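Novice: Pasting in a structure now, in structure tokens, and then I'll have a few things to ask.
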Amino acid sequence: MIEIDGISKSFGSLKALDRVSFSVKNGEIVGYVGLNGAGKTTTIRICIGVLNPDSGDVKINGYSITYEKRIASRYIGWVPELPIFELDEKALNYFVYLAGYYGISYTEARSLGRKLLEEVGLGNALNMKLKNFSLGMKKRFALAVSMINNPSNFLFDEVLNGLDPQGIAFFRELTKRFKKENRAVLFSSHILKEVEDIADKVVFIHRGRIVKIMTIDEIKSMAKPKFIIKIPSIDERAIDILKKYGDIINIDRDTIHIENISRDISEIVEDLVKKGYRVEEFKKEEASLEDVFFKIIGEAK
Amino acid sequence: MKIPILYDFKRSFLRISTIIILVVAIALGISLSYLTYIMLLRTQLINSVALHIEKDGECTIIGTIFDRKGTLIDGEINIIRNGMTIYSTSSRKGVYMATGSQLCGETPDSIEIRTNVMNFNITRYRGERIYHLYISLSGIEERWKGIEFPEDTFFTVYGSPDAWIFVNDTIAVFKLFTISRRTGHSILIVLSANISSIDLKPDLLLYYSTYRAFLSSEDSFKNLSTSYRTLEIKNIVEVYHIDLDPYNDTMILSLEKEGAIGMNTISYGGISFEQMYIEMALGSGGMNILVAFFPIVMIYLVNTLFAKPKESGALEFILARPVTRFDIYLLRYLSGVLTALSSATLYVVSIAVSSAIIFGITLDITSYIVLALGLSASFIMFYTLCYTLASVTRGKTYLATALALYILFAFLWTFIQFAIALALNIPLIGKEFTEFSHRLNHINPINYIDVVQYFIKLKYDLTQEISVANPYISIAVPIAWITVLFIIGYKIFKKIDL
């Protein structure tokens, strides 16, 4: 379980995080969504203990990452967006080196390294230097390393960025498997769609502040379809007619965007035609999660 | 944490750059020590002593050739009178002998000796008048008495013996080689003959002991009477490996023939072969190469182990393991420290072993330990400075600053010393500047080795004592330097955002 409790962090005059609090329970996948620079990576770096918060704390399985880092870190696995290693090292050797920090013996670490690297699809790259790894391979290597101690909590930071479809599918399936294994997974992304299928809830962050925490069902319910009506001559009267049917969200020359339709949609066209308007086009457009995302962020503004 | 530290150490120590510098330094150390050794052997090097004996119209020259270490060596012999060779022979096992009437009459001017190493002449010995004394071994109360040579017997000594004794018609010439002033190990060559009968089979007993020249004669003789050693002289040339008391400085020799005793002394308090070798070996090119260039390896190591991973973000990935910042800071630091210790130890051991095998000369074990620790301290001081610098700086600033400091300590230090001395009105030559320089060397990681060498040289009487030198301060300064810089570096590293 990951408990983030009121963490704040500033870089110079820039407030990167402002009293961020939420938690990820065991067996739960939490999507952590925000625009680039919103504070997702900063939050995760504080969670894994590589960045010190100005205030607040993070508890991993009840252990403070600030004050009990040696213990807390044993329960976290982390795959960064751009994993950076000492690139002159060979994969298995570096795995063994990193396993040493967990107190695992050389022989055991080599055996575990072979097993985990095989498991993440790097079985044929054990003796390849890390500098020759692609981004996808680096992420898989970071994953294998994060699984050294079989932790109960995982932090995936924009992990799908830059991956090929196979890589994306791999991480998605793995995340679902972790959930089944009752692990807590925090899955950050700047694309809401990425977490749609896997997250139980989504934490929205914007400019360092948590702006909303919603379940996927709540998000989906917000994703209502919108209608686009094209009338050559839009005037105040036409707008008044349409307001009776729903919320006008945008008017662009001869096109009106309307959502939250409260009545039968066929009545709209009929009403407009009766009142002398020529409806050139009428179409329904399904709302995307990104719209919801931007709407939430927009509300936060 | 065993694996990470060993792994970091392995990739620090087994780096091409580390190995190259070490191998070059060791190879240079050994080869230059060898060169030193050969030079020492060749510069004063091969010598000879000889006796010309004339008795009833029969003349004989017996002599021996030896190098600086007292090893007998062979050569071709030409006996010269008035610029002409009157006799030629060659030595066998370091001993030569010439007999014939042509050697009689006017005493030959010189003996020319040709060896593989060098050619040289020895001439008639012109030492001070030596008083030949009788003394009984039974006690110090015995009378001392001058002796007279037999009237019909003439002898001449050639070369530069350290002492000679005439007793009961027998002459013995001594050459003493102090191999190690520290252990007292010496080689004594004795050339002797009965000049009354040209008996080439002398049958003598040589008693020897040692004393310190500044003690009263009474104390000296107490020492002599209780701890003399005996050597039997059976051949014209005898070579003895003897151990003289290293705390004394004078050897007293008593030669007995048929109850009569002749006595003389030889001072062995001067610079020994070992001292000359150590003096040159300590300042040898190998050590200089290592001290001058290993700091560059240290700069590179800090860059590899700390500055680069910190800058690139690789350190962050490691920090996500169950370790604290202090653990990472310490582990990576210790890897470099281990590399410094291993390199210094390997260098000193290589030099010690090769010196022992090739030259048969070694420093005492404490001096080797001091040298290894001093070298290590020098490397670790500079490594710690760089490590702290890497905590403070980012990117290429580290390399630029570290190199600037290296240039400062390695190449500009002399100018800095002079500048400070001038500012403090310290004359640039003399005792005051030596003391000032000694003090200042403590805070230069590269020059710190001079401080260490000072104490080793002092132990071997190879340098003048510096009144301000204090071994405790010399130990405390690097410890303080390393500790303070390490703490400052960690305090900064603890707070920075990686």
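Chains as they are written, first to last, in full-length UniProt numbering: chain A, 1 to 301; chain B, 1 to 498. Just so it is clear, CB atoms sit at the ideal spot from N, CA and C, and this is done for glycine as well. Since we're looking at a predicted model, the values are computed, not measured.
Here's the rule: buried if 16 or more other CB atoms are within 10 angstroms of the residue's CB, otherwise exposed. What is Tyr472 of chain B?
Specialist: Counting Cβ neighbours within 10 Å, Tyr472 of chain B comes out exposed, since fewer than 16 surround it.
Novice: Using only CA atoms, which one of B:Leu405, B:Ala419, B:Ser180, B:Ile195 lies nearest to Thr60 of chain B?
Specialist: When only C-alpha atoms are compared, the closest one is B:Ile195.
Novice: Taking 8 angstroms as the limit between beta carbons, can you name the residues of its chain near Leu35 of chain A, skipping five residues before and five after?
Specialist: Correct list, in chain order: His190, His206, Ile297.
Novice: Which of the three DSSP states, helix, strand or coil, is assigned to Lys179 of chain A?
Specialist: Correct three-state label for Lys179 of chain A: helix.
Novice: Is it buried or exposed for Ala169 of chain A, if we count other Cβ within 10 angstroms and need 16 for buried?
Specialist: Flag for Ala169 of chain A reads exposed.
Novice: How would you list, in chain order, the residues of chain B whose beta-carbon sits under 7 angstroms from the beta-carbon of Val50 of chain A?
Specialist: Residues of chain B passing the Cβ test: Glu316, Leu319, Ala320, Leu498.
Novice: According to DSSP, simplified to helix, strand and coil, what is Asn260 of chain A?
Specialist: Looking at Asn260 of chain A - three-state DSSP - the assignment turns out to be coil, as it is neither helix nor strand.
Novice: Does Val353 of chain B come within less than 8 angstroms of chain A when only Cβ atoms are used?
Specialist: Judged by the 8 angstroms Cβ criterion, Val353 of chain B is not in contact with chain A.
Novice: Thinking just about the alpha-carbon of each residue, which of B:Tyr247, B:Asn264, B:Asn303, B:Asp243 is nearest to the one in Leu253 of chain B?
Specialist: The option with the nearest alpha carbon to Leu253 of chain B is B:Asn264.
Novice: What does a CB cutoff of less than 7 angstroms around Ile219 of chain A pick up in its chain, not counting 5 residues either side in sequence?
Specialist: Only Val202, Leu289, Val292 meet the Cβ criterion.
Novice: Would you identify the three-state DSSP class for Val291 of chain B, choosing helix, strand or coil?
Specialist: Helix at Val291 of chain B.
Novice: Answer yes or no: do Phe177 of chain B and Trp164 of chain B have a C-beta to C-beta separation smaller than 8 angstroms?
Specialist: Result no, Cβ atoms of Phe177 of chain B and Trp164 of chain B do not sit closer than 8 angstroms.
Novice: What is the DSSP secondary structure of Ser8 of chain A, reduced to helix, strand or coil?
Specialist: Note: Ser8 of chain A maps to strand in three-state DSSP.
Novice: Give me, in chain order, the residues of the same chain whose beta-carbon lies closer than 6 angstroms to that of Leu137 of chain B; leave out the 5 immediate sequence neighbours on both sides.
Specialist: Confidence at Leu137 of chain B is low in this model, with a pLDDT of 37, below 50, so its placement is unreliable and the value that follows should be read with caution. Answer for Leu137 of chain B: no residue qualifies.
Novice: Taking 7 angstroms as the limit between beta carbons, can you name the residues of its chain near Phe418 of chain B, skipping five residues before and five after?
Specialist: For Phe418 of chain B, where only same-chain residues beyond five positions count, the Cβ hits under 7 angstroms are Leu428.
Novice: Nearest to Ser265 of chain A by alpha carbon, out of A:Glu181, A:Lys131, A:Lys284?
Specialist: Looking at the sequence provided, one finds Ile at residue 265 of chain A rather than Ser. Looking at the Cα atoms, A:Lys284 is the closest of the given residues.
Novice: In this structure, how does DSSP classify Ile266 of chain B when only helix, strand and coil are distinguished?
Specialist: Here Ile266 of chain B sits in strand by DSSP.
Novice: Does Ser73 of chain A get closer than 8 angstroms to chain B when you measure Cβ to Cβ?
Specialist: By this cut-off, Ser73 of chain A is an interface position.
Novice: Taking only three categories from DSSP, how would you classify Ser225 of chain B?
Specialist: Residue placement at Ser225 of chain B is flagged as unreliable, the pLDDT there being 43, under the threshold of 50; the coordinate-derived value follows with that caveat. Reduced to three states, the DSSP call for Ser225 of chain B is helix.
Novice: Since I believe Phe22 of chain A is in contact with Ile210 of chain A (beta carbons under 8 angstroms), could you give me their beta-carbon distance rounded to a whole number of angstroms?
Specialist: Ile210 of chain A to Phe22 of chain A, Cβ: 6 angstroms. Contact.
Novice: Identify the contact partners of Tyr7 of chain B in chain A, using a Cβ-Cβ distance below 7 angstroms as the criterion.
Specialist: Going along chain A in sequence order, the residues near Tyr7 of chain B (Cβ under 7 angstroms) are Tyr97, Gly100.
Novice: Which residue's Cα is closest to the Cα of Glu81 of chain A: A:Thr41, A:Glu181, A:Arg74, A:Asn52?
Specialist: Comparing Cα-Cα distances from Glu81 of chain A to each of A:Thr41, A:Glu181, A:Arg74, A:Asn52, the minimum goes to A:Thr41.
Novice: In chain order, what residues of the same chain have a beta carbon less than 7 angstroms from the beta carbon of Phe294 of chain B, not counting five sequence neighbours either side?
Specialist: The residues are Ile21, Ser343, Phe379.
Novice: Suppose only complete runs of 3+ residues qualify. What are the beta strand (DSSP E) ranges in the stretch 113-188 of chain A, listed by chain order?
Specialist: As far as the stretch 113-188 of chain A is concerned, its whole beta strand (DSSP E) runs of at least 3 residues are 153-157.
Novice: With a threshold of 8 angstroms between beta carbons, is Ser378 of chain B in contact with chain A?
Specialist: No, because no Cβ of chain A sits closer than 8 angstroms to the Cβ of Ser378 of chain B.
Novice: List the residues of chain A that Thr324 of chain B touches, going by C-beta distances under 7 angstroms, in chain order.
Specialist: Within 7 angstroms Cβ-Cβ: Lys69, Arg70.
Novice: Compare the beta carbon distance of Val348 of chain B and Leu375 of chain B with 8 angstroms and say whether it is the shorter of the two.
Specialist: Yes, Cβ-Cβ distance for Val348 of chain B and Leu375 of chain B is below 8 angstroms.
Novice: Ends of the beta strand (DSSP E) at Tyr240 of chain B?
Specialist: Element bounds for Tyr240 of chain B: 237-243.
Novice: Which one of A:Leu130, A:Arg183, A:Asn132 has the shortest CA to CA distance from residue 305 of chain A?
Specialist: Residue 305 of chain A is absent from the structure shown; chain A starts at 1 and stops at 301.
Novice: My parser needs the alpha helix (DSSP H) runs of 4 or more residues fully inside the stretch 389-448 of chain B; what are they?
Specialist: Taking only runs of at least 4 residues, the alpha helix (DSSP H) segments lying wholly in the stretch 389-448 of chain B are 396-411, 413-423, 431-441.
Novice: Just mark Ile2 of chain A as buried or exposed, buried being the case when its beta carbon has 16 or more other beta carbons within 10 Å.
Specialist: Flag for Ile2 of chain A reads buried.
Novice: Give me the residue from B:Ile46, B:His185, B:Thr89 with the minimum Cα distance to Val117 of chain B.
Specialist: Residue B:Ile46 is the option with its Cα nearest to Val117 of chain B.
Novice: Between Gly282 of chain A and chain B, is there a C-beta pair that is closer than 8 angstroms?
Specialist: One point to set straight first is that residue 282 of chain A is Phe, not Gly, in the sequence displayed. It does not; no Cβ of chain B falls within 8 angstroms.
Novice: I'd like the list of long-range same chain contacts for Gln453 of chain B, defined as Cβ closer than 7 angstroms, with 5 residues on each side in sequence excluded.
Specialist: Cβ within range, chain order: Leu282.
Novice: I believe Ala54 of chain A touches Gly208 of chain A by the beta-carbon criterion, under 8 angstroms. Please report the beta-carbon distance rounded to the nearest angstrom.
Specialist: Inspection of the sequence shows that residue 54 of chain A is occupied by Asp rather than by Ala. That belief does not hold up - the Cβ atoms of Asp54 of chain A and Gly208 of chain A are roughly 12 angstroms apart, past 8 angstroms.
Novice: How is the alpha helix (DSSP H) around Met222 of chain A delimited, first residue to last?
Specialist: Start and end: 216-222.
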